[in-house]
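Peer 1: For the sequence shown, position 247 matches number 1298 in the working numbering, and the numbering has no gaps at all. All residues carry an ideal CB built from backbone N, CA and C; glycine is no exception. Keep in mind it's a predicted model, so treat the numbers as computed, not measured. Handing you this structure, nothing more for now.
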Amino acid sequence: MQLCFYADALEALTGRVPSEMHLWLGSGVSESLRVEEFRPYWRRLRRQLATLLDQDDITETRPEPCTHCDYCEFNPLCDAQWRNEDSLVYVANIRTPERHALEREGVRTVVELSTRAGSVPELHDENLERLVRQAALQVTSREHPEEAPVYELVVPSEDPVFGHGFELLPAPDNGDVFFDFEGHPFWSAQNDLFFLSGLRYRDDVGEWCYDARWAHDLDAQALMVKELVEFFAERRTTFPNMHVYHYNHTERSSLERLTREPRLRASLVRSPRPGSSWTSTWLPKTRFRWAPSHTA
Ligand code: SF4
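Written as structure tokens, this is what we have:
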């Protein structure tokens, strides 16, 4: 969009539409883009915005959470509005369609949800009950901020996500490993860097230990990844039923990506692929219902 704006500005100044715009990227690489290839997109956006602004019946606008919110510069404004409105977006684990169904019924705040008695069209009673209980816990906790957050155990049910809790976890194994990567996405213009892998597992005498492995440049990262793959493969040999628990997909996908890099691939020729040496799973957040809230 910035390029589109600059192209318009150049045309206004010179009377001619520039044929190309050039980007000099942080990596040092220069890219040339033909203006007519991206200008229609700009024209459509401007047309849509003009149509929207021409409507007379817009009396208010409301922020709607999306995946961009965490990076958006308007986040403090939207967050303040949601907080002031006591918005349902802060009910932990509420799904967007559930929130919309509640709002259509006039349930627009966490307090209103916490005391909701009747059913809500488009919402299963079991889901509504879960959300009402969640909202009630949050309201109770914020009324007593000096006390520890209140919580309750989730009653097992047929709900595929919220009805099983720890049952969704595989049986514990002495070889289980808890694994986390810490990285810097802009370590250099061309490369990210995983500078720390943290591992927690039972050591040779069965005691839990913390194993921190640091890398301060790409060579050290390659060595760290190689040793990680070897560690998982060796441990899998000793504990065939082990699992590797990790926060999200990043640990697994990054490890696989890094093992494909040339500086590492040659040294891993005789090592098993990481995908075959570990099993990942996720820790269900559904066994406890507790008070702190999150954005939807
Ligand atoms: S923070 Fe607000 S403006 Fe930014 S994407 Fe989220 S809802 Fe939209």
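Run through DSSP, which three-state label would glycine 1326 get?
Peer 2: At glycine 1326, the pLDDT of 40 sits below 50, so the modelled position is not reliable; the number obtained from the coordinates is stated separately. In the structure shown, glycine 1326 sits in a helix (DSSP, three-state: H, G or I).
Peer 1: Mapping DSSP to helix, strand and coil, what is tryptophan 1259?
Peer 2: Note: tryptophan 1259 maps to strand in three-state DSSP.
Peer 1: Does DSSP classify glutamate 1278 as helix, strand or coil?
Peer 2: helix
Peer 1: Considering tryptophan 1093, what are the terminal residues of the alpha helix (DSSP H) in which it resides?
Peer 2: 1086-1105
Peer 1: What residues are listed by DSSP as bridge partners for glutamate 1071?
Peer 2: Per the DSSP secondary-structure output, glutamate 1071 pairs in a beta bridge with Arg1085.
Peer 1: Would you check whether the ligand SF4 has a heavy atom nearer than 8 Å to the C-beta of asparagine 1135?
Peer 2: no
Peer 1: Output the boundary residues of the alpha helix (DSSP H) element that contains valine 1183.
Peer 2: 1176-1194
Peer 1: Quick one, are the C-beta atoms of phenylalanine 1283 and valine 1228 less than 9 Å apart?
Peer 2: yes
Peer 1: Sorted by chain position, which residues of the same chain lie with C-beta nearer than 8 Å to aspartate 1243's C-beta, five sequence neighbours on each side aside?
Peer 2: Gly1234, His1235, Pro1236, Phe1237
Peer 1: Take glutamate 1278 and list the residues in its own chain whose beta-carbon comes closer than 8 Å to its own, dropping the five residues that flank it on each side.
Peer 2: The beta carbon of glutamate 1278 sits closer than 8 Å to the beta carbons of Arg1264 from its chain, once the five residues preceding and following it are set aside; these are given in chain order.
Peer 1: Just the C-alpha distance for arginine 1193 and threonine 1147, rounded to the nearest angstrom, thanks.
Peer 2: Cα to Cα, arginine 1193 sits roughly 23 Å from threonine 1147.
Peer 1: Under the rule that 16 or more other beta-carbon atoms within 10 Å means buried, what is alanine 1240, buried or exposed?
Peer 2: exposed
Peer 1: Is any non-hydrogen atom of the ligand SF4 found closer than 8 Å to the C-beta of histidine 1151, if you look at the structure I gave you?
Peer 2: no
Peer 1: Which stretch, first to last residue, makes up the alpha helix (DSSP H) that contains phenylalanine 1056?
Peer 2: Its alpha helix (DSSP H) spans residues 1053-1065.
Peer 1: Just to confirm before moving on: does the CB-CB distance between glycine 1216 and proline 1207 stay below 9 Å?
Peer 2: yes
Peer 1: Please determine, among Cys1120, Phe1125, Pro1114, the residue with the shortest C-alpha to C-alpha distance to serine 1138.
Peer 2: Nearest C-alpha to serine 1138: Pro1114.
Peer 1: Quick one: Cα of arginine 1159 to Cα of valine 1142, how far?
Peer 2: 11 Å
Peer 1: At what residues does the beta strand (DSSP E) containing histidine 1297 begin and finish?
Peer 2: 1295-1297
Peer 1: So for arginine 1155, helix, strand or coil by DSSP?
Peer 2: helix
Peer 1: With C-beta atoms as the reference, is valine 1201 less than 9 Å away from alanine 1186?
Peer 2: no
Peer 1: For aspartate 1105 and glutamate 1154, what's the separation of their Cα atoms in angstroms?
Peer 2: 27 Å
Peer 1: Would you say the beta carbon of glutamate 1115 is closer than 8 Å to some non-hydrogen atom of the ligand SF4?
Peer 2: yes
Peer 1: Residues bridged to histidine 1235 by DSSP?
Peer 2: In the DSSP assignment, histidine 1235 forms a beta bridge with Leu1244.
Peer 1: Can we count asparagine 1126 as close to the ligand SF4, meaning its CB is less than 8 Å from some heavy atom?
Peer 2: The answer is yes for asparagine 1126.
Peer 1: For alanine 1273 versus glutamate 1312, is the C-beta distance shorter than 9 Å?
Peer 2: yes
Peer 1: Going by the CB atoms, is the gap between aspartate 1262 and arginine 1251 shorter than 9 Å?
Peer 2: yes
Peer 1: Taking only three categories from DSSP, how would you classify valine 1161?
Peer 2: helix
Peer 1: Between the C-alpha atoms of asparagine 1178 and glutamate 1209, what's the straight-line distance to the nearest angstrom?
Peer 2: 11 Å
Peer 1: At a cut-off of 8 Å, would you count histidine 1215 as near the ligand SF4, judging by its Cβ distance to the nearest heavy atom?
Peer 2: no
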